[in-house]
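Colleague:
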Amino acid sequence: MESRSGKSEVEEEEEHRRVPLSERAEWSDITPIPQDDGPNPVVPISYTKDFVEVMDYFRAVYFADERSPRALSLTAEAIHLNAGNYTVWHFRRLLLESLKVDLREELGFVERIATDNSKNYQIWHHRRWVAEKLGPDARSNELEFTKKILSVDAKHYHAWSHRQWVLQALGGWEDELNYCTELLEEDIFNNSAWNQRYFVITKSPFLGGLKAMKENEVLYTIEAIVACPENESSWRYLRGLYKGEITSWVNDPQVSSTCLKILRTKSNYLFALSTILDLICLGYQPNREITDAVVALKTPDMDELDQDIARNICSILEHVDPIRANYWIWRKSRILQSA
Amino acid sequence: MEVKFDVVINFYKHFILRRKKERLRRTTPSLHQPLPSSTPGHFSCEMGELVTEKHVRYILSVEKRKDNFESVVMEHLRMNGAYWGLTALDLLGKLDTVDVDEVVSWMLSCQHELGGFAGNVGHDPHILYTLSAVQVLALFDKLDAIDVDKVTNYIVSLQNEDGSFSGDMWGEVDTRFSYIAICCLSILHRLDKINVEKAVKYIISCKNMDGGFGCTPGGESHAGQIFCCVGALALTGSLDLVDKDLLGWWLCERQVKSGGLNGRPEKLPDVCYSWWVLSSLIMIDRVHWISKEKLIKFILDCQDTENGGISDRPDDAVDVFHTYFGVAGLSLLEYPGLKPIDPAYALPVDVVNRIFFTK
Chain A
1 MESRSGKSEV
11 EEEEEHRRVP
21 LSERAEWSDI
31 TPIPQDDGPN
41 PVVPISYTKD
51 FVEVMDYFRA
61 VYFADERSPR
71 ALSLTAEAIH
81 LNAGNYTVWH
91 FRRLLLESLK
101 VDLREELGFV
111 ERIATDNSKN
121 YQIWHHRRWV
131 AEKLGPDARS
141 NELEFTKKIL
151 SVDAKHYHAW
161 SHRQWVLQAL
171 GGWEDELNYC
181 TELLEEDIFN
191 NSAWNQRYFV
201 ITKSPFLGGL
211 KAMKENEVLY
221 TIEAIVACPE
231 NESSWRYLRG
241 LYKGEITSWV
251 NDPQVSSTCL
261 KILRTKSNYL
271 FALSTILDLI
281 CLGYQPNREI
291 TDAVVALKTP
301 DMDELDQDIA
311 RNICSILEHV
321 DPIRANYWIW
331 RKSRILQSA
Chain B
1 MEVKFDVVIN
11 FYKHFILRRK
21 KERLRRTTPS
31 LHQPLPSSTP
41 GHFSCEMGEL
51 VTEKHVRYIL
61 SVEKRKDNFE
71 SVVMEHLRMN
81 GAYWGLTALD
91 LLGKLDTVDV
101 DEVVSWMLSC
111 QHELGGFAGN
121 VGHDPHILYT
131 LSAVQVLALF
141 DKLDAIDVDK
151 VTNYIVSLQN
161 EDGSFSGDMW
171 GEVDTRFSYI
181 AICCLSILHR
191 LDKINVEKAV
201 KYIISCKNMD
211 GGFGCTPGGE
221 SHAGQIFCCV
231 GALALTGSLD
241 LVDKDLLGWW
251 LCERQVKSGG
261 LNGRPEKLPD
271 VCYSWWVLSS
281 LIMIDRVHWI
291 SKEKLIKFIL
301 DCQDTENGGI
311 SDRPDDAVDV
321 FHTYFGVAGL
331 SLLEYPGLKP
341 IDPAYALPVD
351 VVNRIFFTK
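Read top to bottom, the protein sequences are chains A and B.
To convert, note that position 218 of the first sequence is 218 in full-length UniProt numbering; the numbers rise steadily by one, no gaps.
To convert, note that position 300 of the second sequence is 300 in full-length UniProt numbering; the numbers rise steadily by one, no gaps.
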């Protein structure tokens, strides 16, 4: 956490009472440039007084290309009032470079702004620019920063995106798989954490790639699936572990036996059943146990079951997942076609 | 809060639409005045109806309510706001209530000397606003008002060595910008000026094991990014590179019990995904896999049937952004009375036809 004393003078001042720029001696030599709303301004926007003033002064220093400390603090004021303006951020970067500002301080500034606007693209772009300039020194700081944001919103798209960039550009892969495990322990349904896990096992220079990780990951994922069979993310992750290895996917008894286990519970079996269907469509021959488990899912209100196990599965899915009934009808029609 | 998908998303609530003052006085009633229902029966039916007139009035009235915070944050992205509002009006059949010359002259004053458009007068250009500007000009059949080569040069300059696109000269890379560049150049008949092969290759490098796409290679699949990637692939004739059945299954899994669509697993449904998920499903020819009736009901439930406008979820506050996506979604669902919208160009079909078949 930033200490209060870490705040710049401008920010401290902001918190107390904002003194208009027109009343500050250091700005007396500047003639503000008002917003030009274009020809025929029909309906002028009623901006707040503070915003209008700051932007008028900003335009003046921007057009004069004034690279000064006061211009830098002016960009901070403008960003506080509206963190979404590309031009202000851009000019701030030019100033940071010209004035040779210690960029570690800049990370603190971004963090304070991000507290209120963490879903703003410019903040993340700026943050990356700063981290890139700082190089590997910024690594642990950036990983901590994203961790802090993810502790509040574990699916924060920008934070994940930034974190992936940090890992690839600055390193820090060593603990990432553990971090994914931690997040999945907190919420096994967190698709972002599953995605990151896949990112790590396929891209980390320390783990040997997908092939080397597959065995352990299959065990880990099956455990997650059995705990929550209704979890779309873990099923997709499992399938991803067999990327490019259809034969292994179809013939791995761990997969079919996991499905069977879930089918037999007769609850939350949608993904288990659709996985069996996928496997059959790829050439898997279901054994008697699987067939029996499927037939046992039939309810009295369903139509007479078909001879064909795959078509039966489609009928059941059509019944238990009515919102996607057309999808299951389509799957069934494909089976007829191939038969 | 749901992650929204655009540069603006935290701040879309109000935007400024320019049109004749006289018209404003004549046609925009006070918001507190009870409005006659143009769609009898929508109070009693189980499934409401689209309160078209009220949405039109809502869009036209937004500029009257200039809440300070929102006008501050909208200032730099008026161009996006103009696109949302004007496209929604066109789909609702009411684009003629807008003063074309006024909008066009304002737009032209947002063009930077480098060729790109800014979110407002005096700002820096960005590819996001450039597409909105080109789309709005197409809407008004005013593409001849701009120097096409200049816009083309701007976009071409943003392509990187690996085929990706930056959003502006400072380099943020994202598959959103690939779509924008390709869509823009396609509308301008200048797609041959970029390296399409490399652009497509970059997009494919962002494809995930679930069939979806992320913002950069390895990024989580997200319905908004999927729309951009599938749209770009559609516009470049590269849809054969999409795993249509796998992606279609992921997309149709986005429909939740309420009928609404979410953007990622386990997230809340949101009207804006009616556009992103639905248009993607249409482009890969799998839209019949979801329940259209339930989705229509969800969107209609998000309407403010008293004052017009559509929100992200039922009972939330309405805004122009979701009003556009709700109307566009209903248009894709062939809701009666709406102009059809093209899923790849995000423009009314008649506008797209005019661009490609009359010149």
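A virtual CB, placed ideally from N, CA and C, is assigned to each residue, including glycine.
Quick caveat, the model's predicted, so the values are computed rather than measured.
Determine the DSSP secondary structure at I290 of chain B, reduced to helix, strand or coil.
Modeller: Coil, per DSSP.
Colleague: At a Cβ cut of 9 Å, what residues of the region 158-187 of chain A count as close to chain B, listed as they run along the chain?
Modeller: Of all residues in the region 158-187 of chain A, H158, W160, S161, Q164, W165, Q168 and D187 have a Cβ within less than 9 Å of some Cβ in chain B.
Colleague: Tell me the rounded alpha-carbon separation between H319 of chain A and N326 of chain A.
Modeller: In a straight line, the C-alpha of H319 of chain A is about 11 Å away from that of N326 of chain A.
Colleague: Residues of chain B with a CB under 8 Å from the CB of K211 of chain A: which are they?
Modeller: Those do not exist, as K211 of chain A stays about 15 Å from chain B at its closest Cβ, beyond 8 Å.
Colleague: Can you tell me whether DSSP reads P300 of chain A as helix, strand or coil?
Modeller: DSSP places P300 of chain A in coil when its eight states are reduced to three.
Colleague: Hey, is N268 of chain A's beta-carbon within less than 8 Å of any beta-carbon in chain B?
Modeller: False, the Cβ-Cβ gap to chain B never drops below 8 Å.
Colleague: When you compare the region 202-218 of chain B with the region 316-324 of chain B, are there three or more beta-carbon pairs, one atom per stretch, that lie closer than 8 Å?
Modeller: These segments do not touch.
Colleague: For R324 of chain A, go through chain B and note every residue whose CB falls closer than 8 Å to its CB, in chain order.
Modeller: Per Cβ cutoff of 8 Å: C252, E253, Q255, W289, I290 and S291.
Colleague: Does any residue of chain A bring its CB to less than 8 Å from the CB of G122 of chain B?
Modeller: So, interface residue.
Colleague: With 8 Å set as the bound, which would you pick, yes or no: does the beta-carbon of F189 of chain A sit closer than that to a beta-carbon of chain B?
Modeller: It does; some Cβ of chain B falls within 8 Å.
Colleague: For V271 of chain B, which three-state DSSP category applies?
Modeller: Of the three classes helix, strand and coil, the one that applies to V271 of chain B here is coil, per DSSP.
Colleague: How about R264 of chain B: is its C-beta nearer than 8 Å to some C-beta of chain A?
Modeller: Chain A contact via Cβ: present.
Colleague: Can you confirm whether T31 of chain A, when its beta carbon is compared against all beta carbons of chain B, has any partner nearer than 8 Å?
Modeller: No - not a single Cβ of chain B is within 8 Å of the one on T31 of chain A.
Colleague: Between the Cα of R176 of chain B and those of B:A199, B:E161 and B:L191, spot the shortest distance and give me the residue it belongs to.
Modeller: Nearest of B:A199, B:E161 and B:L191 to R176 of chain B, Cα basis: B:A199.
Colleague: Please determine, among A:D137, A:P136 and A:H162, the residue with the shortest C-alpha to C-alpha distance to K147 of chain A.
Modeller: Minimum Cα distance to K147 of chain A is reached at A:H162.
Colleague: In this structure, what does DSSP give as the bridge partners for I341 of chain B?
Modeller: For I341 of chain B, which the question treats as bridged, DSSP gives the partners B:P348.
Colleague: Identify the continuous alpha helix (DSSP H) that holds K193 of chain B and give its terminal residues.
Modeller: Segment: none, K193 of chain B is in no alpha helix (DSSP H) and carries neither H nor E.
Colleague: Just the C-alpha distance for P348 of chain B and K49 of chain A, rounded to the nearest angstrom, thanks.
Modeller: So the two alpha carbons sit approximately 40 Å from each other.
Colleague: Is the region 95-112 of chain A touching the region 141-155 of chain B, taking contact as three or more C-beta pairs under 8 Å?
Modeller: At 8 Å Cβ cutoff, the stretches do not touch.
Colleague: Candidates A:T265, A:V166 and A:K211: which alpha carbon is nearest E245 of chain A's?
Modeller: Answer by Cα proximity: A:K211.
Colleague: Please list the residues of the region 156-171 of chain B that have a C-beta atom closer than 9 Å to any C-beta atom in chain A, keeping them in chain order.
Modeller: The residues in question are G167, D168, M169, W170 and G171.
Colleague: Figure out for me which residue from A:A83, A:F58 and A:I79 has the closest Cα to the Cα of N71 of chain A.
Modeller: The question names Asn, but residue 71 of chain A in the sequence shown is Ala. Residue A:F58 is the option with its Cα nearest to A71 of chain A.
Colleague: Any Cβ of chain B within less than 8 Å of the Cβ of S192 of chain A?
Modeller: It does: the Cβ of S192 of chain A has a partner Cβ on chain B nearer than 8 Å.
Colleague: Would you tell me roughly how many angstroms separate the C-alpha atoms of Q255 of chain B and P136 of chain A, rounded to the nearest one?
Modeller: Roughly 42 Å between the two C-alpha positions.
Colleague: Could you tell me whether any Cβ in chain B is nearer than 8 Å to the Cβ of Y198 of chain A?
Modeller: Y198 of chain A counts as touching chain B.
Colleague: Any beta carbon of chain B sitting closer than 8 Å to that of V320 of chain A?
Modeller: No - not a single Cβ of chain B is within 8 Å of the one on V320 of chain A.
Colleague: With distance defined between alpha-carbon atoms, name the residue in B:D96, B:G115, B:V98 and B:V121 nearest to R107 of chain B.
Modeller: As written in the sequence, residue 107 of chain B is Met, which differs from the Arg given in the question. Comparing Cα-Cα distances from M107 of chain B to each of B:D96, B:G115, B:V98 and B:V121, the minimum goes to B:V121.
Colleague: Do we get a CB-CB distance below 8 Å when we pair G240 of chain A with the residues of chain B?
Modeller: Judged by the 8 Å Cβ criterion, G240 of chain A is in contact with chain B.
Colleague: Give me whichever residues DSSP pairs with L261 of chain B in a beta bridge.
Modeller: Beta-bridge pairing links L261 of chain B to B:Q255.
Colleague: Starting from the N-terminal side, write out each stretch of the beta strand (DSSP E) that is 3 residues or longer and does not extend beyond the region 49-111 of chain A.
Modeller: For the region 49-111 of chain A, not a single whole beta strand (DSSP E) run of length 3 or above is found.
Colleague: At 4 residues or longer, what runs of the alpha helix (DSSP H) sit wholly inside the region 79-149 of chain B?
Modeller: Complete alpha helix (DSSP H) runs here, min 4: 100-108 and 127-139.
Colleague: Please classify K266 of chain A: is it buried, with 16 or more other beta-carbons within 10 angstroms of its beta-carbon, or exposed?
Modeller: Exposed is the call here.
Colleague: List the residues of chain A whose Cβ lies closer than 9 Å to the Cβ of W249 of chain B, in chain order.
Modeller: Within chain A, the residues near W249 of chain B are S274, R324 and Y327.
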